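Residue numbers (the numbering used here): 18 to 629. For each residue, glycine too, the CB sits at the ideal point set by N, CA and C. Nothing here was measured: the structure is a model prediction, and the numbers come from that model.
Put into structure tokens, the structure is as follows:
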């Protein structure tokens, strides 16, 4: 966004409007209370940037407060005896370490010493029988900020107050109307330079402006900043005074903070509304709100203490009883209690009627039936020709689709298996499939499950396939299902204890974790496929060749996932010949023959999840 420049020069004559009150403006008078004679309690409320201490007695306190050094705030309660038994109240807050309570008899008073951890700003506000002591983080002195931002003024005489008023303005969108009132009161120079939005290194993000004020009315300056920031601003009646400041090219929110610190102002933001008032008034308002919250809490506790306790048995049908009890425990009141009956899967709740109603409704919502998933697997050992006829010839491209093939194969990417494969009627192009170090390939078979079973059975009849197993297992949503097929290989080890036989699994293991996505009729599957087979024979026993791969896929309800790429090769050597003659050197080949047969098979795994 381009830079917008706004310059206003106003030379005006007049007097400032009187202030609207000081920071110590009197509040409405409350009914007179008797003087306090007992200190009954000292409470603490902690927040990240401040801490509030509520001192309560049996009447209105007469008190004196002083700051000793930088680390002790002393509050003397005159003519007051201490009723608190603990002499030290630990706090452990970045601003306050602890509160010590002591008694003096001459003169008679109770002293509260706040041991500070850092330099703070404080306020003490009496509210009825209470004193609210608030400790804030210390704000840097305004003159330090002004010193950093002050620039040399141009040389030359200032405009004469008797000169006729001059106004130069390029103000748009009604900003000029804002300064008509200011022109009747301000007698010095006022320049406002508004630039584009930039991010300040100090964290301020407002639109950058330049301010040059000499004896300008504070309320009108705040209205100008509100217009530039396009925020709604509410200014308290106690805000008054004059502004003499020069800031160049600073975010408007930083300029606002500088002006507020110069005049001991504070702000509270509600969305796009900024409320600005004196620090004392804002502190009193927040302390009053805190007191209202505490009173409302005590009223609620009093009402709860008068209500009759009710016991109700709430059955839990599907969810875990302990988990439900932990969730609903937060809904109980301070008088409530909850127990578990594991035998009947029931919660025994004792509380007031309103809390029991909330517990009952919450249990009804979370105690829902968990979906079940049927996992059907078909583990098939097929020769390469049969695998090709099913359209699962991994990495071979066929130019013309087989019109008799009833299946459509769709590749699935994920894990270490490369990018998603495109849709091909029968086979997949070799260049589309990334090589997997695990030797597995994943795909999704879109077709009728009954037709798949018929095709597998036909292949088995022709001797082209061998259906190793067809396991089925039902599991709950988000619960693992384990399918394992294989043998255990024994091998012997010799030690000081003698010869021992150990068994090692040589098996195909499928670990499937389903997750039902109910609104989409889709199932997410986390699949771990492991193939352990017997390797080379060694002196200590056979070696075990292990291949494992993991992936996550999404399939529609009833679709079939295909795992392939597990190749096995069987080599058979055969020889025959006429006895004796076949063993004659060289000439023996005339009386014998030798054949080598190599059979390659591929292990195909079909997984079909179905929501029950």
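Assuming the contact rule is C-beta atoms closer than 8 Å, residue i and residue j should be a hit. Round their C-beta distance to whole Å, please.
i: residue 570; j: residue 578; result: 6 Å
i: residue 273; j: residue 256; result: That belief does not hold up - the Cβ atoms of residue 273 and residue 256 are roughly 13 Å apart, past 8 Å.
i: residue 396; j: residue 502; result: 6 Å
i: residue 539; j: residue 567; result: The pair is not a contact, with the Cβ atoms about 20 Å apart (cut-off 8 Å).
i: residue 150; j: residue 267; result: No, residue 150 and residue 267 are not in contact; Cβ-Cβ is about 35 Å, not under 8 Å.
i: residue 93; j: residue 126; result: 5 Å
i: residue 89; j: residue 132; result: 6 Å
i: residue 75; j: residue 54; result: 6 Å
i: residue 308; j: residue 264; result: So it is not a contact: roughly 39 Å between Cβ atoms.
i: residue 11; j: residue 333; result: Residue numbering for the chain in the displayed model covers 18 to 629; residue 11 lies beyond these limits and cannot be assessed.
i: residue 586; j: residue 615; result: 6 Å
i: residue 304; j: residue 144; result: 7 Å
i: residue 230; j: residue 260; result: 5 Å
i: residue 77; j: residue 50; result: 4 Å
Taking DSSP's pairing of strands, which residues face residue i in a bridge?
i: residue 626; result: 392
i: residue 495; result: In the DSSP output, where bridge partners are listed per residue, residue 495 has none listed.
i: residue 242; result: In the DSSP output, where bridge partners are listed per residue, residue 242 has none listed.
i: residue 91; result: 83 and 130
i: residue 74; result: 56
i: residue 508; result: 519
i: residue 139; result: 152
i: residue 292; result: 251 and 285
i: residue 600; result: Looking at the DSSP assignment, residue 600 forms no beta bridge with any residue, so it has no partner.
i: residue 501; result: 526
i: residue 382; result: Per DSSP, none; premise fails for residue 382.
i: residue 263; result: 229
i: residue 69; result: 62 and 151
i: residue 367; result: 328 and 354
i: residue 630; result: The chain is shown only over 18 to 629; residue 630 falls outside these bounds and no answer can be derived.
i: residue 234; result: 259
i: residue 6; result: Nothing about residue 6 can be read from this structure; the chain reaches only from 18 to 629.
i: residue 372; result: Answer is none; residue 372 lacks a bridge partner.
i: residue 616; result: 587
i: residue 144; result: 147
i: residue 98; result: 55
Using the Cα positions of residue i and residue j, report the straight-line distance between them to the nearest angstrom.
i: residue 342; j: residue 530; result: 27 Å
i: residue 622; j: residue 393; result: 10 Å
i: residue 319; j: residue 366; result: 21 Å
i: residue 262; j: residue 251; result: 22 Å
i: residue 542; j: residue 532; result: 6 Å
i: residue 242; j: residue 269; result: 7 Å
i: residue 1; j: residue 617; result: The question about residue 1 has no answer here: the residues shown for the chain are numbered 18 through 629.
i: residue 164; j: residue 276; result: Unreliable positioning characterises residue 164 in this predicted model, as indicated by a pLDDT of 36, which lies under 50. The coordinate reading is nonetheless provided below. For residue 164 and residue 276, the distance between alpha carbons rounds to 13 Å.
i: residue 359; j: residue 388; result: 23 Å
i: residue 494; j: residue 629; result: 11 Å
i: residue 437; j: residue 553; result: Confidence in residue 437 is poor, its pLDDT being 38 and thus under 50, which makes the residue's placement unreliable; the coordinate value appears in the next sentence. Each residue's Cα considered, the two are about 36 Å apart.
i: residue 148; j: residue 141; result: 7 Å
i: residue 375; j: residue 364; result: 14 Å
i: residue 510; j: residue 519; result: 8 Å
i: residue 323; j: residue 62; result: 27 Å
i: residue 336; j: residue 312; result: 39 Å
i: residue 223; j: residue 233; result: 22 Å
i: residue 271; j: residue 535; result: 51 Å
i: residue 58; j: residue 104; result: 12 Å
i: residue 625; j: residue 583; result: 19 Å
i: residue 637; j: residue 564; result: Past the edges of the chain, shown from 18 to 629, lies residue 637, and the structure says nothing about it.
i: residue 523; j: residue 548; result: 8 Å
i: residue 244; j: residue 373; result: 52 Å
i: residue 576; j: residue 627; result: 8 Å
Is the number of C-beta pairs between the segment 289 to 299 and the segment 252 to 267 that are closer than 8 Å three or more?
yes
With a floor of 4 residues, list each alpha helix (DSSP H) that falls wholly inside the segment 298 to 361, ordered by position along the chain.
As far as the segment 298 to 361 is concerned, its whole alpha helix (DSSP H) runs of at least 4 residues are 338 to 345.
List, from N- to C-terminal side, the beta strand (DSSP E) runs of 3 residues or more that fit wholly inside the segment 103 to 130.
The segment 103 to 130 is shown to contain whole beta strand (DSSP E) runs of 3 or more residues at 105 to 107 and 113 to 122, in chain order.
With three or more C-beta pairs closer than 8 Å as the rule, is the segment 73 to 92 touching the segment 318 to 333?
no
Inter-stretch contact (C-beta, 8 Å, three-pair minimum) for the segment 373 to 389 and the segment 594 to 614:
no
Please list the segments of the beta strand (DSSP E) lying wholly inside the segment 529 to 594, counting only runs of 3 or more residues, in order along the chain.
539 to 555, 558 to 573 and 577 to 594
At least 3 beta-carbon pairs within less than 8 Å: the segment 115 to 129 vs the segment 94 to 107
yes
Flag this pair as touching only if the segment 583 to 602 and the segment 355 to 369 have three or more C-beta atom pairs under 8 Å; answer yes or no.
Short answer: they don't touch.
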